[in-house]
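Q: First the structure, which I've put down as structure tokens, then a few questions once you've had a look.
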Amino acid sequence: MSVAHRNQKSVVLGTLADSYRKWLETLNYSASAIYHNPRYVAAFIAWAKITSISQINSELIADWFEHLSTRKNKRRTGGLSHNYMKNHRSALSQFNRFLRETDQGGFELNISFKARESLTRPVLSRKEIARLYEATDHYPDPGIKDKGLLAARERAILGLYYGCGLRRNEGIHVALKDLDLSKNLLHVRKGKNYRERYVPIAVKIKKDFVHYLDYVRPQLLRKQTHDRFLVSWTGHPLGGLGTINRLHILAQIARIEKPVGLHTLRHSIATHLLQSGMKLEQIARFLGHSSLESTQIYTHVSAEMK
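Dropping the structure here:
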């Protein structure tokens, strides 16, 4: 093959990757997917040194993931994380769907791999979760008369991220219209990759939500008008960083030595549900996982905590 012909093929593949990005935008995929997926596909194409989509086969893809599994992590010790590998596979899977739906070919994608690690984030015990809830009653007073305002808001935060097992961005985007307290359901509209789901609200969590909505949120709003569920002390929607900071303060008050983040609460409720006997399929639906493979990692964590 001539150099000119090979360069022409590379341009075609490059154009295809750009078309893939535009396709993701059209289907309203998350900003993260739109940014990362075409880059993951481009990395695969560059590594494989292919000049045509027809050259992609299951053996080549298996070799690619073998390469990824042995590649060093640039940001921490050890290899690439299980989630990073999953993201690469998801990018190829969506690329394959794009090719087929636009009549540009396609390929077999039968790759699977097991998690090589336990959760990188710690899981809190039930007692530690109880201590977080107790810590809300001792939240620092920023000069407000009613000390119960922020305590109720923090319990609402715990209810979203532990009680409902939401992801970081899912929680901060919850709006008033997403809560159907008459049916004890929370509608997650902005799930990962724009997958929607309904999450059951437990009785105790509902009680905290009702108190927050009826008595606390209206006072926190001040003169602001918006429909976000979580409200900051200034009345504006509470963002991701502000929510994390609130949780860190609670963890300090509760004297929890483990690193605690919003996703830690999600990991914790999943582990506790499994320990209580809930089936993996039900936990997967609760968390919004697209496959059981993502949920199965909790079986290892549950066993380690016994």
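Using my numbering, the first residue of the sequence shown is number 333, and each one after it goes up by one.
Positions of the beta carbon are idealized from the N, C-alpha and C atoms, including for glycine.
Extract the residue ranges of the beta strand (DSSP E) inside the stretch 527 to 602, only unbroken runs of 3 or more that lie entirely within it.
A: Qualifying beta strand (DSSP E) stretches, in chain order: 529 to 532.
Q: Using only the alpha-carbon positions, how far apart do G491 and S390 sit?
A: Indexing the sequence shown from 1 puts residue 491 at position 159. Indexing the sequence shown from 1 puts residue 390 at position 58. Cα to Cα, G491 sits roughly 44 Å from S390.
Q: Flag this pair as yes or no: are the beta carbons of A586 and L464 separated by less than 9 Å?
A: If you number the sequence shown from 1, residue 586 lands on position 254. If you number the sequence shown from 1, residue 464 lands on position 132. Yes. Within cutoff.
Q: Give me the Cα-Cα distance between R407 and N369, rounded to the nearest whole angstrom.
A: Looking up residue 407 in the sequence shown gives position 75. Looking up residue 369 in the sequence shown gives position 37. Bear in mind that a pLDDT of 44 at R407, under 50, signals an unreliable position, so the model cannot answer this.
Q: Where do the ends of the alpha helix (DSSP H) carrying V506 lie?
A: As a working mapping, residue 506 is identified with position 174 in the sequence shown. Where V506 is concerned, there is no enclosing alpha helix (DSSP H), given that its DSSP letter is neither H nor E.
Q: In three-state terms, what does DSSP make of L517?
A: Numbered from 1 along the sequence shown, position 185 holds the residue referred to as residue 517. Correct three-state label for L517: strand.
Q: Assuming H604 contacts R458 under a Cβ cut-off of 8 Å, what Cβ separation, rounded to an integer in Å, is found between them?
A: Start at 1 with the first residue of the sequence shown, and residue 604 comes out as number 272. Start at 1 with the first residue of the sequence shown, and residue 458 comes out as number 126. Going by Cβ atoms, the distance from H604 to R458 rounds to 6 Å, so yes, they are a contact pair.
Q: By the DSSP assignment, the alpha helix (DSSP H) with Y361 in it spans what residues?
A: By one-based count along the sequence shown, residue 361 stands at place 29. Taken as a continuous stretch (DSSP letters only), Y361 belongs to no alpha helix (DSSP H), as it is neither H nor E.
Q: By how many angstroms is the C-alpha of A583 removed from the C-alpha of L619?
A: Taking the sequence shown and counting its residues from 1, the one referred to as residue 619 is at position 287. Taking the sequence shown and counting its residues from 1, the one referred to as residue 583 is at position 251. If I take the Cα positions, the gap works out to 23 Å.
Q: Using the beta-carbon count (16 or more within 10 Å), is N415 buried or exposed?
A: Numbered from its first residue, the sequence shown carries residue 415 at position 83. Exposed: under 16 other Cβ atoms inside 10 Å.
Q: Report yes or no: is there a C-beta of chain C within less than 9 Å of the C-beta of C496?
A: The structure shown contains no chain C; it holds only a single protein chain.
Q: For D540, is the classification buried or exposed, using 16 other Cβ atoms within 10 angstroms of its Cβ as the cut-off for buried?
A: The residue labelled residue 540 in the question sits at position 208 within the sequence shown. By the 10 Å Cβ count, D540 comes out buried.
Q: Quick one: is N360 buried, meaning 16 or more other Cβ sit within 10 Å of its Cβ, or exposed?
A: Position 28 of the sequence shown, counted from the start, is the residue given in the question as residue 360. It is exposed - the Cβ of N360 has fewer than 16 other Cβ atoms within 10 Å.
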